[in-house]
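Remarks on the structure that follows.
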Amino acid sequence: MSPTVSEPSGPDALTASADEAVTPMFDTLVVVGPGLIGSSVLRRAQQKGTLARQLIAVDVSPEARARVEELGIADRVMADVAEAAALADCVMLCVPVGAMGSVAAQVLPVMRPGSILTEVGSTKVSVIEAISPFLRPDVTYVPTHPMAGTEYSGPDAGFATLFEDRWCLLTPLDATPPEALATIRTFWERCGARLREMTPAHHDRVCAIVSHLPHLLAFTICGTADDLADETRSEVLDFAASGFRDFTRIASSDPVMWRDVFLSNREALLEMLARFMEDAQAMARAIRWGDEDYIVDRIQRGRAIRKSLIENRQA
Ligand code: NAP
20 MSPTVSEPSG
30 PDALTASADE
40 AVTPMFDTLV
50 VVGPGLIGSS
60 VLRRAQQKGT
70 LARQLIAVDV
80 SPEARARVEE
90 LGIADRVMAD
100 VAEAAALADC
110 VMLCVPVGAM
120 GSVAAQVLPV
130 MRPGSILTEV
140 GSTKVSVIEA
150 ISPFLRPDVT
160 YVPTHPMAGT
170 EYSGPDAGFA
180 TLFEDRWCLL
190 TPLDATPPEA
200 LATIRTFWER
210 CGARLREMTP
220 AHHDRVCAIV
230 SHLPHLLAFT
240 ICGTADDLAD
250 ETRSEVLDFA
260 ASGFRDFTRI
270 ASSDPVMWRD
280 VFLSNREALL
290 EMLARFMEDA
300 QAMARAIRWG
310 DEDYIVDRIQ
320 RGRAIRKSLI
330 ENRQA
């Protein structure tokens, strides 16, 4: 099924409406999991003042809570997710995708009627499946995926401009009311993001090729280098050319987050990996038989994609 495309509003949306300058969208926003993504949302909300009147961060670890307090990026920092969710008109789950279901199970029963539950998981079909059993008719659920990130994690890793000019994908359910979808759309526009709407299944296939497969390749190539004999390994570290260095940056990403992403997008990722392996075999064959045209064609296609990314301000 093809995605529903809507025009991105871009970062200028921050100054688009006079109302926005004075009216926070929510009274109380609860961010569960103030790591890279959650703390970036908090920083943005705090900086702009147009997202929520009160910001509450919830984290299971005392160290992370202490750090969020030190950073001063939330009005309140709480340990009990249910206690916090009961205060909110919007709860945003920013935990690893494998934890979404169990956190939703704690949050949904106590949420106020009319409030919104949203999350930022990197995979959508399995997260929606995990959350759905706990949904209530009087609480709206809007799944999202801000396509912004770095290889760092935790509350120190976030920054207010993380979402600026990045895509945020919305994957509403059939039952998602248009008003709630519009509210979350405006929320991300105020974070500086460009918005696009698509089905959860389409989202997972797109992300398998643009994000999950590149991470799989990066983890694998670093593992291969690490498996080499000791003397070769030290040469890898000494002489790493930019190609390998770029892989190591991606490969330094959080293990829990990526374990969960791979396992929860299993089908789409395995499909893209199979296609990749066929293409890699074709390249191997071209190299073996000296098929210069094939090799040059592939390299030129790579250059064209890079050029389009730069033109699209996504490089
Ligand atoms: P992160 O920096 O590691 O933060 C994860 C947060 O979730 C931390 O506050 C962590 O608490 C908390 N958490 C971990 N396990 C939990 C559990 N079982 N129950 C409750 N809280 C738990 O990760 P992130 O990069 O912000 O990713 C958060 C979400 O955003 C994930 O769903 C990810 O797929 C999605 N996402 C990530 C990126 C990216 O590039 N990083 C981009 C878009 C979307 P502690 O600090 O106490 O461990």
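Per this note's numbering, residue 20 is the first one in the sequence shown, and the count goes up by one each step. Note that the Cβ used here is the ideal one computed from N, Cα and C, for glycine as well. Remember, it's a predicted structure, so these values are computed and weren't measured experimentally.
- Message: Classify residue 309: buried if its beta carbon has 16 or more other beta carbons within 10 angstroms, exposed otherwise.
- Response: The residue is exposed, with fewer than 16 neighbouring Cβ atoms inside 10 Å.
- Message: What does the alpha-carbon distance come out to for the pair residue 292 and residue 282?
- Response: Going from the Cα of residue 292 to the Cα of residue 282 covers about 14 angstroms.
- Flag this pair as touching only if the segment 293-308 and the segment 249-262 have three or more C-beta atom pairs under 8 angstroms; answer yes or no. The answer is no - the segment 249-262 does not touch the segment 293-308, with fewer than three Cβ pairs under 8 angstroms.
- Determine contact between the segment 195-204 and the segment 174-182, defined as no fewer than three beta-carbon pairs at a distance below 8 angstroms. Contact between the segment 195-204 and the segment 174-182 is absent, because fewer than three Cβ pairs lie under 8 angstroms.
- Beta carbon of residue 113: closer than 8 angstroms to some heavy atom of the ligand NAP? Yes.
- Can we say the segment 96-105 touches the segment 113-121, given the rule of at least three CB pairs closer than 8 angstroms? The segment 96-105 vs the segment 113-121: no contact.
- Message: Is the separation between the beta-carbon of residue 190 and that of residue 152 shorter than 9 angstroms?
- Response: With respect to the 9 angstroms criterion, residue 190 and residue 152 are not classified as neighbours on the basis of their beta carbons.
- Query: The alpha helix (DSSP H) with residue 66 in it runs from where to where?
  - Reply: Boundaries of the alpha helix (DSSP H) around residue 66: 55-67.
- Can you tell me which of the three DSSP states residue 240 falls into? Of the three classes helix, strand and coil, the one that applies to residue 240 here is helix, per DSSP.
- Task: Have a look at the DSSP bridge pairing and note the partners of residue 164.
- Result: Residue 164 pairs with 188.
- Would you mind sorting residue 91 into buried or exposed? The rule is 16 or more other CB atoms within 10 Å of its CB. Burial check for residue 91: the Cβ neighbour count within 10 Å stays below 16, so the residue is exposed.
- Message: Quick check: is any heavy atom of the ligand SAM less than 8 angstroms from the C-beta of residue 141?
- Response: As for the ligand SAM, it is missing from this structure, which binds only the ligand NAP.
- Item | Reduced DSSP secondary structure (H/G/I, E/B, other) of residue 29 | With a pLDDT of only 38 at residue 29, under the threshold of 50, the placement of this residue in the model should not be trusted; the figure read from the coordinates follows. Three-state DSSP puts residue 29 in coil, outside helix and strand.
- Query: Between which two residues does the beta strand (DSSP E) carrying residue 46 extend?
  - Reply: From DSSP, the beta strand (DSSP E) with residue 46 extends over 45-51.
- Determine, using beta carbons only, whether residue 269 comes closer than 9 angstroms to chain D. In the structure shown, chain D does not exist; there is a single protein chain.
- Express the C-alpha separation of residue 44 and residue 202 in angstroms, rounding to a whole number. Straight-line Cα distance between these residues: approximately 8 angstroms.
- So who's on the other strand from residue 73, going by DSSP bridges? Residue 73 pairs with 47.
- Where DSSP assigns a beta bridge to residue 135, which residues make up the other side? Residue 135 is bridged by DSSP to 109 and 159.
- Item | residue 216, enclosing beta strand (DSSP E) - first and last residue | Note, residue 216: beta strand (DSSP E), 213-216.
- Message: For a test of the three-state rule: what should DSSP assign to residue 96, helix, strand or coil?
- Response: In the structure shown, residue 96 sits in a strand (DSSP, three-state: E or B).
- Item | Per-residue DSSP class, three states only, for residue 193 | In this structure, residue 193 counts as coil in the three-state DSSP scheme.
- For residue 182, name the three-state secondary structure that DSSP assigns. Coil, per DSSP.
- Does any heavy atom of the ligand NAP sit closer than 8 angstroms to the C-beta of residue 145? No, the Cβ of residue 145 stays beyond 8 angstroms of every heavy atom of the ligand NAP.
- Under the three-state reduction of DSSP, which class applies to residue 91: helix, strand or coil? Correct three-state label for residue 91: coil.
- Query: Mapping DSSP to helix, strand and coil, what is residue 323?
  - Reply: Note: residue 323 maps to helix in three-state DSSP.
- Query: Would residue 111 pass as a contact of residue 50 if the rule is Cβ separation under 9 angstroms?
  - Reply: The criterion of a C-beta distance shorter than 9 angstroms is satisfied by residue 111 and residue 50.
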